[in-house]
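Working notes for the structure below.
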Amino acid sequence: MTDALAFIGYIRDHPDQFRQLFLQHLELTGVSVAVGLAIALPLAVLASRVEALAKPMGWISGVGQTIPSLAILALVLPWLGIGFVPALVALTVRAILPIFLNAYIGIRDADAAVIDAARGMGASDAQRLFLVEIPLASPVIFAGVQTALVQSVGTATLAAFIGGGGLGDLILQGLALVDLPVLLAGAIPVALLAMAADLLMGGLRRFLVPAGLQVRSA
Amino acid sequence: MRTLAHDPGYALLLTLQHVEIVGIAVLVALLVGIPTGIGIVRLRWLEAPVVNTASVLYTVPSLALFAVLIPFTGLGPEPAVVALILYSLLVIIRNTIAGIDSVDPAMVDAARGMGMTAAQRLVLVELPLGLPVIVAGVRLAVVSGIGIATIAAYVGAGGLGILIFDGIRTLNPDRVVAGALATSALALLADWGLLRLEKVLNRERRRPVEAGMA
Chain A
1 MTDALAFIGY
11 IRDHPDQFRQ
21 LFLQHLELTG
31 VSVAVGLAIA
41 LPLAVLASRV
51 EALAKPMGWI
61 SGVGQTIPSL
71 AILALVLPWL
81 GIGFVPALVA
91 LTVRAILPIF
101 LNAYIGIRDA
111 DAAVIDAARG
121 MGASDAQRLF
131 LVEIPLASPV
141 IFAGVQTALV
151 QSVGTATLAA
161 FIGGGGLGDL
171 ILQGLALVDL
181 PVLLAGAIPV
191 ALLAMAADLL
201 MGGLRRFLVP
211 AGLQVRSA
Chain B
1001 MRTLAHDPGY
1011 ALLLTLQHVE
1021 IVGIAVLVAL
1031 LVGIPTGIGI
1041 VRLRWLEAPV
1051 VNTASVLYTV
1061 PSLALFAVLI
1071 PFTGLGPEPA
1081 VVALILYSLL
1091 VIIRNTIAGI
1101 DSVDPAMVDA
1111 ARGMGMTAAQ
1121 RLVLVELPLG
1131 LPVIVAGVRL
1141 AVVSGIGIAT
1151 IAAYVGAGGL
1161 GILIFDGIRT
1171 LNPDRVVAGA
1181 LATSALALLA
1191 DWGLLRLEKV
1201 LNRERRRPVE
1211 AGMA
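Chains as they are written, first to last, in the numbering used here: chain A, 1 to 218; chain B, 1001 to 1214.
What follows is the structure, given as structure tokens:
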């Protein structure tokens, strides 16, 4: 382990390759969580409004959460082939699940008395949703996005298996060549990125969630 | 699917390898995690440092963790087992603490009133009553472990992930799908079985209380 820090040298010697893979990793992670949020939030509102849908949708997302990430990537492969886009689709599917489950539970468990009070004040359905229920649910929704983001940083390393790029490329290259510095040039930045995403989301939550609704992080 | 249907022996071997990796890792995590959780309930100041360390480890992506472990463990099932132990420790420790905390203090007081020692209270009251929460942690550890062990096939651990990686390498979509379905089925089965166990334990736990209140 004398050359434990040799990976820094590798990154310094290959700045363009590293920058490209790093940005690709950020793109896979960011886009999948953003699209996942855009899909999951309306679905959660729908499930909270249409009771007949709540159970099957909850069941599907429960089963989906149980399925291994690599299996989701593998299931996308025969359908979309290899490359960046199939990896992005698989990551998005993976990101939808925790966001949906958290948002649905958050909206469902919003204090009924507060919603009644809003109704009593003459708030319309849309006003109730956007001004009362979603803000009340925001700590739980945020926790879901946090889980999805940290998970997505990790799952994005698997994109390399189906030619999706990202820092996983360096790990696979390092494993194939039995080249420790290359392997660590992928692994260590990914680990740091996951921790940074967790810290960032924790900080954002403290900043964005109304003070009266702060909960201890899950 | 033809590959698996035509060679059930191979599928069984891969499944057993998969179960073995996850089983050993979760067992070791239980042997380390439950005493650690019990210790933390007694020495509360340990909670933040231990749980935070385990949480940081938990955020490290599995492929990155395998990669970092390989210089120490070599290729094979070892990096997978070590990584799974490290991941499982967080949920086991956290749920052991939560399980013991969930026990009604009146029960513990009653046990004390009956003259039980601290060790008797722990073994006869706190652990049995906290068991459903601990089992919930085991379920989480097993299900995520089955998923992570799939990836470990890439570093020579064996298991059902081999089907997926072989399928990708040989551009054989049938094999990829077979592997994906097999690992998913294993994860769903484990989840279902342990959830049943949790429910049974919960019922057992509630019964005497309900009877007493009737």
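We treat Cβ as the ideally placed atom computed from N, Cα and C, and that holds for glycine.
Rounded to whole angstroms, how far is the Cβ of B:ALA1064 from the Cβ of A:ILE11, which I believe are closer than 8 Å? Translated into the one-based positions of the second sequence, residue 1064 of chain B becomes position 64. Translated into the one-based positions of the first sequence, residue 11 of chain A becomes position 11. Actually they are not in contact, since the Cβ atoms of B:ALA1064 and A:ILE11 sit about 15 Å apart, beyond 8 Å.
Going by the CB atoms, is the gap between B:ARG1121 and B:LEU1194 shorter than 8 Å? Locating residue 1194 of chain B in the second sequence gives position 194, where the first residue counts as 1. Locating residue 1121 of chain B in the second sequence gives position 121, where the first residue counts as 1. Their beta carbons are not under 8 Å apart, which means B:LEU1194 does not touch B:ARG1121 by this criterion.
On the criterion of 16 or more Cβ atoms from any shown chain inside 10 Å, does A:ASP169 qualify as buried, or is it exposed? Mapped onto the first sequence, residue 169 of chain A falls at position 169. With 16 or more Cβ atoms within 10 Å of its Cβ, A:ASP169 is classed as buried.
How big is the Cα-Cα spacing for A:LEU91 and A:LEU37? Reading the first sequence from its first residue, position 91 is the one you call residue 91 of chain A. Reading the first sequence from its first residue, position 37 is the one you call residue 37 of chain A. Cα to Cα, the separation comes out at about 12 Å.
My parser needs the alpha helix (DSSP H) runs of 4 or more residues fully inside the region 1137-1197 of chain B; what are they? The alpha helix (DSSP H) runs of length 4 or more contained entirely in the region 1137-1197 of chain B are, from start to end of the chain, 1161-1169.
Between which two residues does the alpha helix (DSSP H) harbouring A:GLY106 extend? Locating residue 106 of chain A in the first sequence gives position 106, counting from the first residue. Run containing A:GLY106: 84-108, per the alpha helix (DSSP H) assignment.
In chain B, which residues lie less than 9 Å from A:MET195 when you measure between Cβ atoms? As a working note, residue 195 of chain A is residue 195 in the first sequence. Within 9 Å Cβ-Cβ: VAL1056, THR1059 and VAL1060.
If we count the other Cβ atoms within 10 Å of its Cβ and call it buried at 16 or more, is A:GLU51 buried or exposed? For the purposes of this step, residue 51 of chain A is taken as the residue at position 51 of the first sequence. The C-beta of A:GLU51 has fewer than 16 other C-beta atoms within 10 Å across all chains shown, which makes the residue exposed.
With a threshold of 8 Å between beta-carbons, can A:VAL153 be considered close to chain B, or not? Reading the first sequence from its first residue, position 153 is the one you call residue 153 of chain A. Using beta-carbon distances, A:VAL153 counts as an interface residue toward chain B, with a partner under 8 Å.
Verify whether the separation of the beta carbon atoms of B:ALA1067 and A:GLY174 is less than 8 Å. Position 67 of the second sequence, counted from the first residue, corresponds to residue 1067 of chain B. Position 174 of the first sequence, counted from the first residue, corresponds to residue 174 of chain A. Against a cut-off of 8 Å, the Cβ pair of A:GLY174 and B:ALA1067 comes out as a contact.
For A:ALA191 and A:ASP198, what's the separation of their Cα atoms in angstroms? For the purposes of this step, residue 191 of chain A is taken as residue 191 along the first sequence, with counting starting at 1. For the purposes of this step, residue 198 of chain A is taken as residue 198 along the first sequence, with counting starting at 1. Each residue's Cα considered, the two are about 11 Å apart.
Contact set for B:GLY1158: own chain, Cβ-Cβ below 6 Å, skip 5 residues either direction: Here residue 1158 of chain B refers to the residue found at position 158 of the second sequence. Once the five neighbours on either side are set aside, the close Cβ partners of B:GLY1158 are GLN1017.
Measuring only between beta-carbons, confirm whether A:ALA8 sits less than 8 Å from chain B. Residue mapping note: residue 8 of chain A aligns to position 8 of the first sequence, counting from 1. According to the sequence provided, residue 8 of chain A is Ile. The question's Ala does not apply to it. False, the Cβ-Cβ gap to chain B never drops below 8 Å.
Cα separation between A:LEU23 and A:LEU167? Numbered from its first residue, the first sequence carries residue 23 of chain A at position 23. Numbered from its first residue, the first sequence carries residue 167 of chain A at position 167. Each residue's Cα considered, the two are about 9 Å apart.
B:LEU1124 beta carbon less than 8 Å from that of B:GLY1099: Position 99 of the second sequence, counted from the first residue, corresponds to residue 1099 of chain B. Position 124 of the second sequence, counted from the first residue, corresponds to residue 1124 of chain B. Their beta carbons are not under 8 Å apart, which means B:GLY1099 does not touch B:LEU1124 by this criterion.
Please state the DSSP three-state secondary structure of A:PRO135. By one-based count along the first sequence, residue 135 of chain A stands at place 135. In the structure shown, A:PRO135 sits in a helix (DSSP, three-state: H, G or I).
Identify, in the order they occur along the chain, each residue of the same chain with its Cβ nearer than 6 Å to the Cβ of A:LEU43, setting aside the five sequence neighbours on each side. Counting from 1 along the first sequence, the entry for residue 43 of chain A is found at position 43. Excluding its 5 nearest sequence neighbours in each direction, A:LEU43 has C-beta neighbours in its own chain below 6 Å: PHE100, listed in chain order.
Rounded separation between B:LEU1201 and B:VAL1103 - CA only: Mapped onto the second sequence, residue 1201 of chain B falls at position 201. Mapped onto the second sequence, residue 1103 of chain B falls at position 103. Going by the C-alpha atoms only, they are around 14 Å apart.
Please check the pair A:ALA74 and B:VAL1177, which I expect to be a contact at CB under 8 Å, by giving their CB distance rounded to whole angstroms. Within the first sequence, residue 74 of chain A is the residue found at index 74, counting from 1. Within the second sequence, residue 1177 of chain B is the residue found at index 177, counting from 1. 7 Å between Cβ atoms; contact.
Would you list, in chain order, the members of the region 1134-1149 of chain B that have their beta-carbon closer than 7 Å to a beta-carbon of chain A? Listed by position along the chain: VAL1143, ILE1146 and GLY1147.
So, at 6 Å on beta carbons, what are the nonlocal neighbours of A:THR147 in its own chain, with the 5 sequence-adjacent residues on each side left out? Taking the first residue of the first sequence as position 1, residue 147 of chain A is located at position 147. Around A:THR147, the same chain offers PRO98 as residues with beta carbons nearer than 6 Å, after the five sequence neighbours per side are excluded.
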